[in-house]
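What follows is a short report on a single structure.
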Amino acid sequence: DAGVIQSPRHEVTEMGQEVTLRCKPISGHDYLFWYRQTMMRGLELLIYFNNNVPIDDSGMPEDRFSAKMPNASFSTLKIQPSEPRDSAVYFCASSLLGDGYEAFFGQGTRLTVV
Amino acid sequence: AQSVAQPEDQVNVAEGNPLTVKCTYSVSGNPYLFWYVQYPNRGLQFLLKYITGDNLVKGSYGFEAEFNKSQTSFHLKKPSALVSDSALYFCAVRDERNTPLVFGKGTRLSVIA
Chain A
411 DAGVIQSPRH
421 EVTEMGQEVT
431 LRCKPISGHD
441 YLFWYRQTMM
451 RGLELLIYFN
461 NNVPIDDSGM
471 PEDRFSAKMP
481 NASFSTLKIQ
491 PSEPRDSAVY
501 FCASSLLGDG
511 YEAFFGQGTR
521 LTVV
Chain B
21 AQSVAQPEDQ
31 VNVAEGNPLT
41 VKCTYSVSGN
51 PYLFWYVQYP
61 NRGLQFLLKY
71 ITGDNLVKGS
81 YGFEAEFNKS
91 QTSFHLKKPS
101 ALVSDSALYF
111 CAVRDERNTP
121 LVFGKGTRLS
131 VIA
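Heads up: the protein sequence lines correspond to chains A and B, in order.
Just so we're on the same page, my numbering is the position in the first sequence counted from 1, plus 410.
Just so we're on the same page, my numbering is the position in the second sequence counted from 1, plus 20.
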């Protein structure tokens, strides 16, 4: 398996524009997570899915953020409208069901909002 | 609620010397503990985990970690550091309810030749 695949790797956009980040989890994994990494706040969990169903979105910072998982092999994180403070690295991760299973991370998307 | 503390933002060590990166945790119930490493412009890579059993866990690249229940610690160790070990290290914990991993803020390890 190629691992968790995220696209794009880098995104530069203007304030107010819509941004869509994409993730393909590892085949067969039951859980999918979206994290955001910043220097100030470290790694924050934004939302996670179990079997394509959102379980906890309490980490989503504002209504401008939304995430979907239409099927087991694809998820999106959308920011509309984007703001400069959304600039960060966004990671997608997936794992199998079970307490002992580690999460596997994608390479991340570096988002810069100017 | 689960939490992880990595008390050192930065650890410097000379190549060939032993290294320790500290981590303490707080969970209700039994912990499941993980270490990840992040190289520049890369995602997090899994190093090792403690689920149950032997308190000393061995992982990738010669790293190991010791689970200490009384001190609620899970320190990462390596007997002899390499320059290539220089990276950002994250400790993470989850509890028995299969909740998502909660990460510490990370410790930057710098190994000097």
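Glycine included, every Cβ here is placed at the ideal spot set by N, Cα and C.
Being a predicted model, the structure only gives us computed values, none of them experimental.
| request: State the CB to CB distance for the pair Ala482(A) and Asn462(A), rounded to an integer number of angstroms; the pair is presumed to be in contact (CB under 8 Å). | output: 6 Å
| query | Does Phe123(B) get closer than 8 Å to chain C when you measure Cβ to Cβ? | reply | The structure shown has no chain C; the protein chains it does contain are A and B.
| message | 8 Å is my cut-off, CB to CB: does Phe459(A) come that close to chain B? | response | no
| With 16 other Cβ atoms within 10 Å as the buried cut-off, status of Gln91(B) | exposed
| Got a sec: is the Cβ-Cβ distance from Leu506(A) to anything in chain B below 8 Å? | no
| task | May I ask you to check if the CB of Asn460(A) is nearer than 7 Å to at least one heavy atom of the ligand NAP? | result | As for the ligand NAP, it is missing from this structure, which has no ligand bound.
| request: Could you tell me the boundaries of the beta strand (DSSP E) in which Ser130(B) lies? | output: 127-132
| query | Are there 16 or more other CB atoms within 10 angstroms of the CB of Lys78(B), so buried, or fewer, so exposed? | reply | exposed
| query | Are the C-beta of Glu512(A) and some C-beta of chain B separated by less than 8 Å? | reply | yes
| request: Give a yes or no on whether 8 Å exceeds the smallest Cβ distance from Leu453(A) to chain B. | output: yes
| task | May I have the straight-line CA-CA distance separating Ala513(A) from Ala503(A), to the nearest angstrom? | result | 6 Å
| task | Reducing DSSP to helix, strand and coil, say where Asp496(A) ends up. | result | helix
| Alpha-carbon spacing of Tyr511(A) relative to Leu521(A), whole angstroms | 29 Å
| query | According to DSSP, is Val103(B) helix, strand or coil? | reply | helix
| task | Go through its chain and collect everything with a Cβ distance to Leu456(A)'s Cβ below 6 Å, but skip five positions before and after it. | result | Trp444, Arg446, Gly469, Met470
| Less than 8 Å separating the beta-carbons of Thr127(B) and Ser93(B)? | no
| Applying the criterion that 16 or more other CB atoms from any shown protein chain within 10 Å of the CB defines a buried residue, is His439(A) buried or exposed? | buried
| Okay, do the segment 424-443 of chain A and the segment 488-499 of chain A touch, 3+ Cβ pairs below 8 Å being the bar? | yes
| For Leu129(B) and Gln30(B), the rounded distance between their alpha carbons | 6 Å
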